[in-house]
Each structure stands twice: as C-alpha cells, then as structure tokens.
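When the letters of the sequence shown are read in order and numbered with my numbering, they come out as residues 98 to 591.
All residues carry an ideal CB built from backbone N, CA and C; glycine is no exception.
What follows is one structure encoded as structure tokens, with my remarks underneath.
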Amino acid sequence: ICTGEIEIEVTGLTILNKSKTPPFTIEDETDGGDELRMKYRYLDIRRTPVKENLMLRAKVASETRKYLDAQGFIEVETPYLIKSTPEGARDFVVPSRMNEGQFYALPQSPQTFKQLLMVAGMDKYYQIVKCFRDEDLRADRQPEFTQIDCEMSFVEQEDILNMFEGLTRHILKAVKGVDLKNFPRMTYDEAMKLYGSDKPDIRFDMQFVEMTDLCKGKDFGLFDGAELIVAINAKGCANYTRKQLDELVDFVKTPQVGATGLIYCKYSEDGTSKSTIDKFFDENSRNAWAKKAGCKEGDLLLIMAGETEKTRKALSTLRLHLANELGLRNPQEFAPLWVLDFPLLEWDEDSKRYHAMHHPFTSPKPNDIEKLDTDPAAVRANAYDLVLNGNEIGGGSIRIHDKTLQKLMFQHLGFSDDEAKDQFGFLMEAFEYGAPPHGGVAFGFDRLCAIMGGQESIRDFIAFPKNNSGRDVMIDSPSNIAEDQLTELHIKLK
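Structure, rendered in structure tokens:
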C-alpha cells in the first residue's frame, strides 16, 4: 500500500477492468469545476472530502435512530404518493394512469400523516424521510431533501424542546465530540429586534441597538423621516480605512441588501470621534450614541435608518457580512438557539390575505385565540424553531387537535368550507375520533450535516444532488418521455 507498511511480492497480475483517463484529478484539491464533477459524480465521490461527507451523513442518521429508538419512538414510513394541497411551496405532481386526469403529489412533508398516526395511538413517531418542493434553488435548497420528522402525543411545548435538545446534544457529541453547553431561548420579537432575523447567528455579538430616540430632531432628513434608526457596534474596527468603509456602503446599496445608505462613526484610540454626519451631530451626541451602543475607544458604530422591517433586514445582512470579513463565524464552533412565539399568521400583499407562517395545523397560543377575529396579526403560535449557527435546522409546533379550532383556522386562511373539506376533510374527520393533544418537529437533515461538516451547501452532503437548475446532469434528468407514455397518461403537451 502507499504507506509502505505492507509490501506485496507480485507473482501474477490480472487486469480486472480498463479505465479511461478521468476528466478531472481524483484528489482532495481537484481541478474539476462543479458542473463537471456533478456530471461524473461517481468519480467525484472517490475523492476523500466527498466520501467523508457521506460518511458523516451516515453517522448522523445512525446516531439519530439510536437516540430516538432509546426514547421509545417508533419509525413509521408514510406514503410518497399523496394529495396535492394549496399551502406552502409548489408540489411536484405525478399523473395517475389508472385515474384519468388525476394527479398525485409528492409530499413536501409528512405533516398530515404524522398527525393521523397520533390519532391512531402511535404516541411517538419518527422517520428519516425524503421530501419534495418545486421551488427556486439556492445553496441550501434541493428539490428533494431529507428531514428527521418526529411527532409526540400528550405533550406541551416544553416536552418537545427538552426532547430535541437531547437529540441535538447526542448527535453533536457522538459525531463531532462537541459538548453543547446550553440552548438559549428568545421570542421571535426579541430575535427581530436584536438581530433583524428569526434565525440569528449568536456565535458573535453585534446585537442591534435602537437609536431612534437619540437621533431624531437634529434636522437630518434621513433620520427625521425614518420609522426606525438602529445600529451595531463593530468592536475594534475604528481603524477601517476610507476604502473599507466605502466598500461597506457600496455593499448595503446592492440589490440583495437594498439599503439607501450607511452612517458610520469612528471612536478613535485618542478619545476623539468622527462621523459622516458631524454637521448635524456634535461630540455630545456622538458620546450619547457610544454610551447606548457600548462603544469604546477603537470601535466603529454603523447606523441604518428607514422602514422598520426593511432596515432590520438590511442591517442583519450587513452584520453577517462584517462577521465573515472579521472571521467571527468559526465553522468548528456550534451555537444553538430556540426561537419561540412566532406570529401565527402573516399578511401577503399580493393575495391580500393571511397565510400561515408555518402551516395551517399550528395551534395558536390559548390566550390569543380570541384575537383571531379582532387582530389576527397579533396572534402568537405555539411554534418553535431550532437555530444552529444562523441556520434553521429544525422547526415545529404544537398542533391543532380540535375540529372546531381547525375549521376556524382554515376560515382565517381564506378557505371556504367546501375547499377545506376537499383538501383536508380526512384530517377533520379524524379529529372526531378522539385526537390527542400532540406536537412535533422536523429537522433539516441535509442542512444539519452541512453545518456539522463546516460547509455552506447541502449539495456536498447528498450522494447524487441536482444542480441550481434542478437538473441531474449525470443522468440527464428531467427528460422527455415517449409519446406512448403520454398517451397512457392521457396527457397532451402544448
């Protein structure tokens, strides 16, 4: 072998198979581009980094089953050919040859089936399951992806959080040797106020500081006309050059960030301060900013102003960008966080109606149910997300288990009684047979593996992934099908 530890005296040599020269080097650092490596994925998998990713994935799956089996969960498979429903992303649909003009859908999640299993008395269910969503792709999305899907009967939110903190601790310890110390919790409103995101990366600080009360009334138009003025303290960055600061300003003005500008104030080591708007804000004002934001000598204060939602989103993007520049997002460090009390509903301007922020089966907080008729936007959900290193790795809720409340929820989502019955009548009927209180969670399995592997894209942890156009370039899929197949399916192409 290559180490020289074992030497073999060759007495005969038989060629088992001939090989062409590979289209790229089969080494850790290859010269093959993404598209070429995906076309010859079976060669790419020979490389140690790819093989190790798949081995990590297998280990995570094994440890997941080990933990859940020990906790009394039963692994149950649910159907892949199901009914298409209007909520969520687009469905992948499958025509039925035996039922002319009708279609199955591939499941976006096993949501209704796991609830039916609770009605069936299964108590604790799980599966590591393939799911499908027909949506635009990005680095952390694939049209088919895998979930660790779980549900429990007779539980409250605290039971779910404790159970799946345990799962996360077990996986990180068994696979990475990492002991997770604690799982902080914050509400959705707190996360948006402090980080501008419902999945904040808490490996580093830079919490938002609202400056509205200190910045208005100084005849500076941008601030006086703003709904929100908010800042972050970039510690130790007062030595940023004009070029570096201009690059930050240019960054926030890019379409993906969408800010109109960026105000900054340097607090130098010599005790002086200087901002881009010294004409409007004197040293006393700048010192007041520093006090509120916790700025010390050598720090840089970055301020944004505008509409609340847009400004928070833009500053959140800047926060992550700056953290990447400063090397604050260590991929070998793991910082989990529970985000709780999400809004139950969110308003969609295009359709002029409310949509479920998670899904239609999430229960509202009991104290908020009466607000459904008077102030739907203020209703909080019995929902929770598990965030790891700025990525949502799991999400779930306590479910509605009462037919009357589920019917009310459908009404607020714009379903007529007939539409609700047509789409979800089977679930509503099941609730009439003694449905227990239940709740659950689904982990993004591919994403969890990618984070544990210290990489950005889930594609590197899937044996045969699709590209950014949703194509498998290795087998050339999707592809045309024969005319006689279309005829059998009663389908005509335009």
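query, result
"Beta carbon of A202 nearer than 7 Å to that of D188", "yes"
"Unbroken beta strand (DSSP E) run spanning H452, endpoints", "R450 to A453"
"Distance between F458 and S513 (C-alpha atoms, nearest Å)", "16 Å"
"A402 versus V306: straight-line alpha-carbon distance, rounded", "12 Å"
"CB of V570 within 7 Å of CB of N577, strictly", "no"
"Supposed close pair E446, H452 - CB separation, criterion 8 Å", "Not quite, the Cβ-Cβ distance comes to about 11 Å (not below 8 Å), so this is no contact."
"Residue of R416, Q212 and A385 minimising C-alpha distance to L359", "R416"
"Nearest-angstrom Cα separation, counted from I588 out to G522", "28 Å"
"Inter-residue spacing [alpha-carbon to alpha-carbon] between Q503 and G511", "13 Å"
"Between the CA atoms of G218 and Y292 - distance to the nearest angstrom", "41 Å"
"Among K163, F210 and L441, the one whose alpha carbon lies nearest that of D286", "L441"
"Cβ contact (3+ pairs, closer than 8 Å) linking the stretch 246-261 and the stretch 131-145", "no"
"Test item: CB-CB of N488 and R544 under 7 Å", "yes"
"Length-filtered (4 minimum) alpha helix (DSSP H) runs lying within the stretch 120-193", "131-136, 138-141 and 145-167"
"Endpoints, alpha helix (DSSP H) assigned at C362", "Here C362 belongs to no alpha helix (DSSP H); instead the beta strand (DSSP E) covers I360 to Y364."
"Q552 versus G129, E197, Q205 and L153, residue with shortest Cα-Cα distance", "L153"
"Sequence-distant residues of its chain with Cβ nearer than 8 Å to P473 (five each side left out)", "L441, L442, Y451 and H509"
"Bridge partner(s) assigned by DSSP for A478", "P461"
"Assigned secondary structure, Q208 (DSSP; H/G/I helix, E/B strand, else coil)", "helix"
"Distance, S294 Cα to S372 Cα", "27 Å"
"Straight-line gap, F348 to T357 (C-alpha atoms, nearest Å)", "11 Å"
"Whether L71 touches T414 by CB criterion (7 Å)", "Residue numbering for the chain in the displayed model covers 98 to 591; residue 71 lies beyond these limits and cannot be assessed."
"CB-CB length for A539 against L213, believed under 8 Å", "Their Cβ separation, rounded to whole angstroms, is 16 Å, which puts A539 and L213 out of contact at 8 Å."
"Three-state class that DSSP yields for D231 in the structure shown", "strand"
"Own chain residues within Cβ distance below 8 Å of L590, not counting five before or after", "L583"
"Distance CB(K156)-CB(V346) smaller than 7 Å", "no"
"Nearest residue (CA-CA) to F320, options S206, V173 and M308", "M308"
"Inter-residue spacing [alpha-carbon to alpha-carbon] between D316 and P207", "56 Å"
"Simplified DSSP assignment, three categories, for E443", "strand"
"Secondary structure of L277, DSSP reduced to three states", "coil"
"Alpha-carbon to alpha-carbon, L151 and D125", "15 Å"
"DSSP bridge partner residues for G511 (one or two, in chain order)", "None; G511 has no bridge partner."
"Check whether I179 and P204 have beta carbons under 7 Å apart", "yes"
"Option nearest W435 by Cα separation, candidates D128, K462 and G493", "G493"
"Secondary structure, beta strand (DSSP E): runs of 3+ residues fully inside the stretch 319-400", "325-331, 360-364 and 370-372"
"8 Å CB neighbourhood of N479 in its chain, flanking five on each side removed", "Q254, T459, S460, P461, K462, S494, I495 and G536"
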